[in-house]
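2 protein chains.
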Amino acid sequence: MFEKYARLFKVLADENRLKIIELLIKGETCGCTLIDKLPISQPTLSYHLKMISEAGIAYSKKEGNWIKYYINKDKLTEIKVFIEQIRDIEAEQCSL
Amino acid sequence: MFEKYARLFKVLADENRLKIIELLIKGETCGCTLIDKLPISQPTLSYHLKMISEAGIAYSKKEGNWIKYYINKDKLTEIKVFIEQIRDIEAEQCSL
DNA sequence: TATCTATATTCAAATCTATCTATATTCTAC
DNA sequence: GTAGAATATAGATAGATTTGAATATAGATA
Numbered sequence: 000m001f002e003k004y005a006r007l008f009k010v011l012a013d014e015n016r017l018k019i020i021e022l023l024i025k026g027e028t029c030g031c032t033l034i035d036k037l038p039i040s041q042p043t044l045s046y047h048l049k050m051i052s053e054a055g056i057a058y059s060k061k062e063g064n065w066i067k068y069y070i071n072k073d074k075l076t077e078i079k080v081f082i083e084q085i086r087d088i089e090a091e092q093c094s095l
Numbered sequence: 000m001f002e003k004y005a006r007l008f009k010v011l012a013d014e015n016r017l018k019i020i021e022l023l024i025k026g027e028t029c030g031c032t033l034i035d036k037l038p039i040s041q042p043t044l045s046y047h048l049k050m051i052s053e054a055g056i057a058y059s060k061k062e063g064n065w066i067k068y069y070i071n072k073d074k075l076t077e078i079k080v081f082i083e084q085i086r087d088i089e090a091e092q093c094s095l
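In order, the protein sequences belong to chains B and X. Just so it is clear: in the first sequence, position 58 is 57 by numbering that gives the first Met the number 0, and no numbers are missing. Just so it is clear: in the second sequence, position 50 is 49 by numbering that gives the first Met the number 0, and no numbers are missing.
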């Protein structure tokens with residue numbers, strides 16, 4: 000359980016990946032336009048997109064010459080809910 | 000901005016730190032009891048508690064012989080809100 | 001078929017992280 | 001002041017992560 004979310008947070012724990020996620024949500028869809036807005040090389044972008052996709056935070060569709068990426072907002076909601084649940088755990092009476 | 004949250008997510012991106020955060024929320028307060036519930040050594044626990052505290056996710060108070068740790072729930076809320084805000088960005092009309 | 005474009009993979013390097021052992025620090029209590 | 005408990009720091013190490021250069025792949029088109 001924690002292992003699963005630790006893995007998800009790892010994906011969010013990088014400035015460039017957060018920027019990529021924002022750009023995808025704003026409507027960018029292909030690597031060829033993302034690359035102009037990021038301070039990284041094409042192979043590095045490819046690496047990040049793979050991480051984001053494998054985590055289920057985005058998914059991709061081949062469309063002609065391009066691979067289009069889309070954010071899976073449900074996964075973001077799931078992460079949000081996890082944080083809420085942790086935060087709202089009731090404190091037990093502590094033995095100390 | 001993204002750099003700030005990338006740093007926060009890094010703190011959440013470790014299974015043991017998530018467990019520590021949960022235990023603190025449940026009412027544990029001192030390292031000496033945390034250590035019995037985690038598969039790590041005392042120096043490693045100390046390292047994680049420092050990371051969590053420096054990120055503002057917890058704070059500590061010296062009380063007699065012990066240092067008590069408490070979770071800063073506002074910081075968790077801040078992280079939750081960040082995810083909501085990202086998720087709810089409106090897509091712009093894409094030029095492609 | 002040759003070429004071009006978009007994307008992925010391989011590989012190596014530099015850096016960062018989590019962890020332990022050993023040791024130090026800081027209190028408290030005797 | 002000595003002893004003991006809780007916690008922190010130093011140093012070392014194994015492993016993970018991020019990155020770019022070079023190269024490969026796959027599809028479209030001339």
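The beta-carbon is built from N, C-alpha and C at its ideal position, and this holds for glycine as well. Treat the numbers as computed from the prediction; the structure is a model and nothing was measured.
Residue 51/X: member of the alpha helix (DSSP H) spanning 41–53, first to last residue. For the segment 65–84 of chain X, the set of residues with a beta-carbon nearer than 7 Å to any beta-carbon of chain B comprises 72, 75, 76, 78, 79, 82 and 83, in chain order. For the segment 0–16 of chain X, the beta-carbon criterion of a distance under 7 Å to any beta-carbon of chain B is satisfied by 1, 2, 4, 5, 8, 9, 11, 12, 13 and 14. Assignment of residue 90/B by DSSP, reduced to helix, strand and coil, places it in the coil class. Membership of residue 18/X in the alpha helix (DSSP H) is indicated by the continuous run 14–25.
Residue pairing of residue 29/X in beta bridges, as defined by DSSP: 67/X. At least one CB atom of chain B sits nearer than 7 Å to the CB of residue 91/X. Short of 8 Å from the beta carbon of residue 4/B, and not among the five residues preceding or following it, lie these beta carbons of its own chain, in chain order: 78 and 81. Contact annotation: residue 91/B and residue 25/X have beta-carbon atoms nearer than 7 Å. Contact check for residue 9/X against residue 86/B fails: the beta carbons are separated by 7 Å or more. The distance from the Cβ of residue 28/X to that of residue 69/X is about 7 Å, consistent with a contact at the 8 Å cut-off. For residue 36/X, no beta strand (DSSP E) encloses it, and the DSSP letter there is neither H nor E.
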